[in-house]
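J.: Got a structure here, written out as structure tokens. Questions coming.
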Amino acid sequence: MKKISLILLALIFSCKDNTATNEKALISVVNMWRAYVEANPKLEKKDLPDSWYFHDNKSDANRLGKLVASGKKKAASGLYKWYKDANADLPKVGTKHIITDFDGEALAIIEIRKVDTMPFYKISKEYAALDMGTSENALEKWKKVHWDFFEATLKESNDEPSKEMLVVCEWFETVWPVDAVEY
Numbered sequence: 001m002k003k004i005s006l007i008l009l010a011l012i013f014s015c016k017d018n019t020a021t022n023e024k025a026l027i028s029v030v031n032m033w034r035a036y037v038e039a040n041p042k043l044e045k046k047d048l049p050d051s052w053y054f055h056d057n058k059s060d061a062n063r064l065g066k067l068v069a070s071g072k073k074k075a076a077s078g079l080y081k082w083y084k085d086a087n088a089d090l091p092k093v094g095t096k097h098i099i100t101d102f103d104g105e106a107l108a109i110i111e112i113r114k115v116d117t118m119p120f121y122k123i124s125k126e127y128a129a130l131d132m133g134t135s136e137n138a139l140e141k142w143k144k145v146h147w148d149f150f151e152a153t154l155k156e157s158n159d160e161p162s163k164e165m166l167v168v169c170e171w172f173e174t175v176w177p178v179d180a181v182e183y
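Per the UniProt record's numbering: the sequence shown = residues 1 to 183.
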């Protein structure tokens with residue numbers, strides 16, 4: 001995927017944002033990647049992955065980042081329309097990302113394990129639990145939170161959500177929590 005497409009997609013939809021903008025945050029991202037590569041020497045020639053946070057506000061970004069770092073959040077959802085409108089490729093299995101808090105401080109490294117596209121109404125309670133980081137009323141919570149978020153973003157382009165709208169579902173694994181890094 002072209003880097004410009006990723007950045008455009010992130011900026012347009014505010015779900016993922018390149019957050020390593022201040023020096024302290026950038027240092028935390030670089031140090032986390034460096035520590036991960038030192039522990040996994042076969043990755044030595046890999047470039048620093050993109051860093052970003054979930055959602056569009058500090059409270060949710062920080063809460064979701066902590067769920068990722070703890071290994072409780074194992075999935076992410078976006079609209080297929082966003083990728084199509086940005087002419088961007090869907091996420092690729094094996095891709096790594098550095099998840100940050102809202103201020104750009106590195107929290108975890110994730111690796112995408114599976115990607116699928118399905119209609120909103122077909123999201124399972126198992127998938128919703130992985131995305132929400134909890135099994136307590138996961139599907140109901142997932143539907144409410146994502147419907148509201150998708151509705152708000154679609155409104156910006158004069159579109160409306162539907163139960164048939166395609167959702168890009170990413171399953172991921174937290175491969176490096178910040179707790180494992182000694183600075």
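Note that the Cβ used here is the ideal one computed from N, Cα and C, for glycine as well.
1) Check for me: the alpha helix (DSSP H) holding F150 runs from which residue to which?
2) Ends of the beta strand (DSSP E) at K122?
3) In the DSSP assignment, what residue or residues form a beta bridge with Y36?
4) Are I99 and L107 touching if we call contact CB-CB under 7 Å?
5) Just confirm the distance between the C-beta atoms of I110 and V68, as a whole number of angstroms; I'd bet it's less than 8 Å.
6) With DSSP as the reference, identify every bridge partner of S51, one or two as the case may be.
7) Note the first and the last residue of the continuous beta strand (DSSP E) segment covering V68.
8) With distances taken between CB atoms, is the gap from F102 to Y53 smaller than 7 Å?
9) Buried or exposed for V29, please, with buried defined as at least 16 other CB atoms from any protein chain shown within 10 angstroms of its CB.
10) Three or more beta-carbon pairs under 8 Å between the segment 24-40 and the segment 133-147, yes or no?
11) Should G104 be labelled buried (16 or more other beta-carbon atoms within 10 Å of its own) or exposed?
12) Provide the residue span of the beta strand (DSSP E) that contains V168, from first to last.
13) Under the three-state reduction of DSSP, which class applies to V93: helix, strand or coil?
14) Note the first and the last residue of the continuous beta strand (DSSP E) segment covering residue 217.
15) In this structure, how does DSSP classify A108 when only helix, strand and coil are distinguished?
T.: Judging by the given coordinates:
1) Segment 138-155, the alpha helix (DSSP H) holding F150.
2) That residue, K122, is in no beta strand (DSSP E); it is neither H nor E in DSSP.
3) In the DSSP assignment, no residue is bridged to Y36.
4) With contacts defined as CB atoms closer than 7 Å, I99 and L107 qualify as a contacting pair.
5) Rounded, the Cβ-Cβ distance is 6 Å, consistent with contact.
6) BP columns for S51 point to I98.
7) Element bounds for V68: not the beta strand (DSSP E) but the alpha helix (DSSP H), 58-69.
8) The Cβ atoms of F102 and Y53 lie closer than 7 Å to each other.
9) Here V29 is buried. Its C-beta has 16 or more other C-beta atoms within 10 Å.
10) Taking 8 Å as the limit for Cβ pairs, the verdict is that the segment 133-147 does not touch the segment 24-40.
11) Taking every protein chain shown into account, the CB of G104 has 16 or more other CB atoms within 10 angstroms, so this residue is buried.
12) That run of the beta strand (DSSP E) goes 166-177.
13) Judged by DSSP in its simplified three-state form, V93 adopts coil rather than helix or strand.
14) Past the boundaries of the shown model lies residue 217; the chain is included only from 1 to 183, so the question cannot be answered.
15) In this structure, A108 counts as strand in the three-state DSSP scheme.
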